[in-house]
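What follows is a short report on a single structure.
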Amino acid sequence: MSQRLQLTLAILKPDIVANPSVLKNVWTRMLENGLYFVMSKRVQLSAVQAEQFYAEHRGKFFQNRLVCFMSSGPVWCHILCGDDVIGRWRRMLGPTKVLKTVFDQPDSIRGSFGLTDTRNCAHGSDADATAKKEVGFFFPEFDIDKWYKEQHKFFQNDLVEFDPDKLQHFAISDT
Ligand code: GDP
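Take 1 as the starting number for the sequence shown in UniProt numbering and just add one per residue.
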């Protein structure tokens, strides 16, 4: 049995959601890397919501283009779980700045599909506390404590299967 699994928030940003073949490729990479999808939803952010989500970047030179981009079309939000999933998902993404990452890590998601430093494919929480806050932002209905109590053991023992229509893993004995 593995240790307590981590949760994280992934956002697939409007640049890749607008491109079905890239979106499918990214989902495939996530599944092939053994990431579990706990909950998924497609969201259209308003500029106000995008500004709130990226509040830490208030006043930075790229804030306006970031907020415009994030509210320019739908995003997919996923609660992911897995062993060290925060680090694993961020390593799959590659570094933030696409214009450098295309040379340094061309096989990463951002290196493969990133368009600019703003339009860089996806987001991943950077720590447990941030993940908790960011999951709450997009999935206020998700009860983390209840999930660890009732669902975690199924994921920990790989007793889950993936439903491609719902983009979600379900406990095998729970479906
Ligand atoms: P992340 O955790 O790798 O997404 O990086 P940050 O939290 O530092 O930045 C949030 C988002 O702001 C990034 O994913 C980019 O979309 C955007 N961003 C960050 N730094 C820059 C920058 O120097 N230039 C531009 N244009 N966008 C940036």
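Cβ atoms here follow ideal geometry from the backbone N, Cα and C, with glycine treated the same way. Remember, predicted model here, so these are calculated numbers, not experimental data.
Practice problem: Express the C-alpha separation of residue 109 and residue 70 in angstroms, rounding to a whole number. | Solution: For the purposes of this step, residue 70 is identified with residue 70 of the sequence shown, where counting begins at 1. For the purposes of this step, residue 109 is identified with residue 109 of the sequence shown, where counting begins at 1. Spanning the two alpha carbons is a distance of roughly 18 Å.
Self-check item: Whole-angstrom C-beta distance between residue 17 and residue 23, which should lie under 8 Å
Solution: If you number the sequence shown from 1, residue 23 lands on position 23. If you number the sequence shown from 1, residue 17 lands on position 17. Indeed, because the Cβ distance is near 6 Å, the residues count as touching under 8 Å.
Exercise. Starting from residue 8, follow its DSSP beta bridges and name the residues at the other end.
Key: The residue given as residue 8 occupies position 8 in the sequence shown. 80.
Quiz item: Can you check whether the CB of residue 77 is closer than 8 Å to the CB of residue 37?
Solution: As a first step, residue 37 is located in the sequence shown; it is residue number 37 there, counting from the start. As a first step, residue 77 is located in the sequence shown; it is residue number 77 there, counting from the start. Not closer than 8 Å, so no.
Practice problem: Please report how far the alpha carbon of residue 151 lies from the alpha carbon of residue 141, in whole angstroms. | Solution: By 1-based counting over the sequence shown, the position of residue 151 is 151. By 1-based counting over the sequence shown, the position of residue 141 is 141. Approximately 15 Å, taken between the alpha carbons.
Quiz item: In its own chain, which residues sit with a C-beta less than 8 Å from the C-beta of residue 117, not counting the 5 before and 5 after it?
Solution: By 1-based counting over the sequence shown, the position of residue 117 is 117. So the qualifying residues of the chain are 62, 96, 97, 98 and 99.
Quiz item: Is the beta carbon of residue 14 less than 8 Å from the beta carbon of residue 73?
Solution: In the sequence shown, the residue the question calls residue 14 occupies position 14. In the sequence shown, the residue the question calls residue 73 occupies position 73. The answer is yes: Cβ separation under 8 Å.
Exercise. Use the C-beta contact count for residue 162: other C-beta atoms within 10 angstroms, 16 or more gives buried, fewer gives exposed.
Key: Here residue 162 is taken as the residue at index 162 of the sequence shown, counted from 1. Burial call: exposed.
Quiz item: Under the criterion of a Cβ to heavy atom distance below 7 Å, does residue 133 qualify as lining the ligand GDP?
Solution: In the sequence shown, counting from the first residue as 1, residue 133 sits at position 133. No, Cβ of residue 133 sits at least 7 Å from all heavy atoms of the ligand GDP.
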